[in-house]
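To convert, note that position 385 of the sequence shown is 385 in this note's numbering; the numbers rise steadily by one, no gaps.
We treat Cβ as the ideally placed atom computed from N, Cα and C, and that holds for glycine.
A short write-up of the structure that comes next.
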Amino acid sequence: MTFAKKTYELVPTRDHGGTGVSPSPHSPHSVALGGRTTRGSLLLCVVLACGALTAFVRGVRGGGFGADCGAASDLPWPAHIPSTSYKFYYPVDPGGVDFRWPRVAWIMSFPNSGTSYTMQLVQRASNRTGGSNYGKECDIDPEDGKNFPIYDDSPSGPFLSQPGKWAAPDRYVPVKTHCGGYTTGSGPDKYTHTVRSFQESCLKGNIVLPDRDEKGKIVKARGKPNSMVEKVDTLYDASLVQRAVHIIRDPFNNIVSRFHLEQHAHSKRKETEWTDKFPNSPEGFKAWCAEQDTINEKEDSKSRFVDAEMLKAFEGVPCHGEFHRYAQWHNLALAVTHRMRLPTHVLHYETYETDFTGTYNDLFFFLELPREGEVPEFLKGKVYEDYFSKKERMKAMQLVKMIAEPETWEQLKRYDVYGGSAL
Numbered sequence: 001m002t003f004a005k006k007t008y009e010l011v012p013t014r015d016h017g018g019t020g021v022s023p024s025p026h027s028p029h030s031v032a033l034g035g036r037t038t039r040g041s042l043l044l045c046v047v048l049a050c051g052a053l054t055a056f057v058r059g060v061r062g063g064g065f066g067a068d069c070g071a072a073s074d075l076p077w078p079a080h081i082p083s084t085s086y087k088f089y090y091p092v093d094p095g096g097v098d099f100r101w102p103r104v105a106w107i108m109s110f111p112n113s114g115t116s117y118t119m120q121l122v123q124r125a126s127n128r129t130g131g132s133n134y135g136k137e138c139d140i141d142p143e144d145g146k147n148f149p150i151y152d153d154s155p156s157g158p159f160l161s162q163p164g165k166w167a168a169p170d171r172y173v174p175v176k177t178h179c180g181g182y183t184t185g186s187g188p189d190k191y192t193h194t195v196r197s198f199q200e201s202c203l204k205g206n207i208v209l210p211d212r213d214e215k216g217k218i219v220k221a222r223g224k225p226n227s228m229v230e231k232v233d234t235l236y237d238a239s240l241v242q243r244a245v246h247i248i249r250d251p252f253n254n255i256v257s258r259f260h261l262e263q264h265a266h267s268k269r270k271e272t273e274w275t276d277k278f279p280n281s282p283e284g285f286k287a288w289c290a291e292q293d294t295i296n297e298k299e300d301s302k303s304r305f306v307d308a309e310m311l312k313a314f315e316g317v318p319c320h321g322e323f324h325r326y327a328q329w330h331n332l333a334l335a336v337t338h339r340m341r342l343p344t345h346v347l348h349y350e351t352y353e354t355d356f357t358g359t360y361n362d363l364f365f366f367l368e369l370p371r372e373g374e375v376p377e378f379l380k381g382k383v384y385e386d387y388f389s390k391k392e393r394m395k396a397m398q399l400v401k402m403i404a405e406p407e408t409w410e411q412l413k414r415y416d417v418y419g420g421s422a423l
């Protein structure tokens, strides 16, 4: 069995010149948009040309770029769909109309916030393969035992997920990335990123290499290469990314789901001592959080990224390190899409349940995907009300608001159901 490989032409553009030059680096605390000339001027012209367009420019601490446009528009949303259904920060792909097709659209998510269902949806409902930074999740070529990169001239990724089952999209390939700064059990000095380092983590992944015998021949198992033997870290060029979908989930449900993932991993390895200590229950979760908090306390007090006010805010918040990582991750995801000037669609996981049709329509219009397949059923996620007390939820949202940038808080404040952030 062989797969047809499509060659994609790289067309030099005014902005990239075919070289993939990235924007200049910025401070982790400010991504002000003034200082950009050619591309910024072009964008300004587009903004001013649209009569119903409202724009504002802020740094990451002061917010971002927002746009709204009426039906008479040549911007990349359909004229018959109100643009307010998209959470756009930049309305035009940074590579311009002459950039190569198909283009990469990141599916950015803090782990366990809805990536799996979103990737199922975009692939099965469109009958097109998506992609991933992580080759270990993707198909391998039975001829050479390697992953299938989206672009032949970018063997380091990103990679097509299931090219043996579906063709690649003509327009945007949804590509999964978790970026960095999310590892459970690590202290602030290990998970704190600058905007620049976080962007690099979003471009990182891995590729699987085939096992070879002493003569250099690929070792085959049942006619296919044994490709999971060696995994090599990869990094691809930022210019390949032209759009982004930023998924956000309720922090409480997100963090409990991360505990369940840990529980599942230890159960799979038959590590009964761990699973007995931290059973899959509210009590097991609270015990796990208590251990995480004890581990983090020593590192928190020594970290140059945590001051006395932050240490005080950690008190009374179970799994405070998880909430810190969560808020910081979303700060950085918004900052990176600003830095790269990516048209960005923010998708709140809960809207799959409250407005599935609208969420599905918005996502597919933004990614310009066809609707040729079957829509997978969305199974309502669990709401873990009994895993946190009301007081703990209020304290946690106070902490999240303290960490969140104003623009990030605009996206997260809906989860502050008890008004803890106002205290």
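Worksheet item: By a C-beta neighbour count over all protein chains shown, 10 Å radius and 16 as the cutoff for buried, is residue 305 buried or exposed?
Response: Counting the other CB atoms within 10 Å of its CB gives residue 305 a total below 16, which places it among the exposed residues.
Worksheet item: Looking at the structure shown, is residue 288 part of a helix, part of a strand, or coil, going by DSSP?
Response: Three-state result, residue 288: helix.
Discussion item. Tell me the rounded alpha-carbon separation between residue 173 and residue 201.
Written reply: Approximately 19 angstroms, taken between the alpha carbons.
Worksheet item: Roughly how many whole angstroms lie between the Cα atoms of residue 188 and residue 332?
Response: Whole-angstrom Cα-Cα distance: 14 angstroms.
Worksheet item: When the Cα of residue 157 is compared with those of 236, 192, 268, which residue comes out closest?
Response: Of 236, 192, 268, the residue nearest in Cα terms is 236.
Discussion item. If you follow the alpha helix (DSSP H) that residue 264 is in, where does it begin and where does it stop?
Written reply: 251-268 is the extent of the alpha helix (DSSP H) around residue 264.
Worksheet item: Would the beta-carbon of residue 195 fall within 8 angstroms of that of residue 341?
Response: No. Outside cutoff.
Worksheet entry | Whole beta strand (DSSP E) elements within the stretch 80-130, 3-residue minimum | Counting only runs of at least 3 residues, the stretch 80-130 fully encloses the following beta strand (DSSP E) elements, listed from N- to C-terminal order: 103-109.
Discussion item. Within a Cβ cutoff of 6 angstroms, which residues of the same chain sit near residue 250, ignoring the five residues on either side of it in sequence?
Written reply: For residue 250, where only same-chain residues beyond five positions count, the Cβ hits under 6 angstroms are 415.
Worksheet entry | Beta-ladder partner(s) of residue 234, from DSSP | DSSP lists 205 as the beta-bridge partner residues of residue 234.
Discussion item. Short of 8 angstroms in beta carbon distance, which residues of its chain neighbour residue 193, apart from the five on each side in sequence? Order them along the chain.
Written reply: Counting only residues of its own chain and dropping the five nearest sequence neighbours on each side, residue 193 has a CB closer than 8 angstroms to the CB of 28, 180, 181, 201, 328, 332.
Worksheet item: At what residue ranges does the stretch 150-201 contain a whole run of the alpha helix (DSSP H), taking only runs of 4 or more?
Response: The qualifying runs are 188-191.
Discussion item. Distance check for residue 149 and residue 138, CA to CA, integer angstroms please.
Written reply: Take the alpha-carbon of residue 138 and the one of residue 149: they are about 10 angstroms apart.
Item to complete: Return the CA-CA distance between residue 169 and residue 105, expressed in angstroms with no decimal places.
Response: C-alpha of residue 169 to C-alpha of residue 105: approximately 11 angstroms in a straight line.
Item to complete: Would you identify the three-state DSSP class for residue 412, choosing helix, strand or coil?
Response: It is helical.
Worksheet item: Taking the DSSP output, what are the residues bridged to residue 212?
Response: Answer is 218, bridged to residue 212.
Fill in: Helix, strand or coil at residue 406 [DSSP, three-state]
Correct three-state label for residue 406: helix.
Worksheet item: In chain order, what residues of the same chain have a beta carbon less than 7 angstroms from the beta carbon of residue 232, not counting five sequence neighbours either side?
Response: The beta carbon of residue 232 lies closer than 7 angstroms to those of 206, 207, 209 in the same chain, with the five residues before and after it left out.
Worksheet item: Taking the Cβ atom as the reference point for each residue, do residue 184 and residue 133 lie within a distance shorter than 8 angstroms?
Response: Not a contact, by the Cβ cut-off of 8 angstroms.
Worksheet item: Which residues in the same chain have their Cβ closer than 8 angstroms to the Cβ of residue 374, if we skip the five residues on either side of it in sequence?
Response: Correct list, in chain order: 124, 125.
Worksheet entry | Same chain only: Cβ atoms within 7 angstroms of residue 120, ignoring 5 sequence neighbours per side | Around residue 120: 376.
Worksheet entry | Distance, residue 400 Cα to residue 280 Cα | Roughly 25 angstroms separates the two Cα atoms.
Practice prompt. Within 10 angstroms of the Cβ of residue 93, are there 16 or more other Cβ atoms? Answer buried if so, exposed if not.
Written response: Using a 10 angstroms sphere on the CB of residue 93, the tally of other CB atoms reaches 16 or more, which defines it as buried.
Worksheet item: Which of helix, strand or coil does DSSP assign to residue 375?
Response: When DSSP states are grouped into helix, strand and coil, residue 375 belongs to the coil group.
Fill in: Neighbourhood of residue 346 by C-beta, 7 angstroms cutoff - its chain only, sequence neighbours within 5 removed
Shown here for residue 346: same chain residues with a beta carbon closer than 7 angstroms to its own, the five before and five after excluded, namely 87, 246, 248, 411 in chain order.
Fill in: Spatial distance of residue 164 from residue 219 (CA atoms)
Using only the alpha carbons, I get a separation of about 21 angstroms.
Item to complete: Determine which residues share a DSSP beta bridge with residue 352 and list them.
Response: DSSP, once it has assigned bridges, lists no residue as partnering residue 352.
Discussion item. Please state the DSSP three-state secondary structure of residue 37.
Written reply: Because the pLDDT at residue 37 is just 35, under 50, the model does not fix this residue reliably, and the point stays unresolved.
Worksheet item: What separation, rounded to the nearest whole angstrom, lies between the Cα atoms of residue 175 and residue 307?
Response: The straight-line gap from Cα to Cα measures roughly 36 angstroms.
Worksheet item: Taking the beta strand (DSSP E) that residue 243 falls in, what are its first and last residues?
Response: Here the beta strand (DSSP E) through residue 243 covers 241-248.
Worksheet entry | Backbone secondary structure at residue 418 - three-state DSSP | In this structure, residue 418 counts as coil in the three-state DSSP scheme.
Worksheet entry | residue 336 versus residue 199 - alpha carbon distance | One C-alpha to the other measures close to 6 angstroms.
Practice prompt. Please report how far the alpha carbon of residue 368 lies from the alpha carbon of residue 203, in whole angstroms.
Written response: When rounded, the distance between both Cα atoms is 22 angstroms.
Item to complete: Kindly list the residues whose CB is nearer than 8 angstroms to the CB of residue 380, restricted to its own chain and excluding five residues on each side of it in sequence; keep chain order.
Response: Closer than 8 angstroms at Cβ, skipping near neighbours: 353.
Practice prompt. Pick out whichever of 254, 143, 160 has its Cα sitting closest to the Cα of residue 114.
Written response: Of the candidates 254, 143, 160, the residue whose Cα lies closest to the Cα of residue 114 is 254.
Item to complete: Return helix, strand or coil for residue 336, following the three-state DSSP convention.
Response: Three-state DSSP puts residue 336 in a helix.
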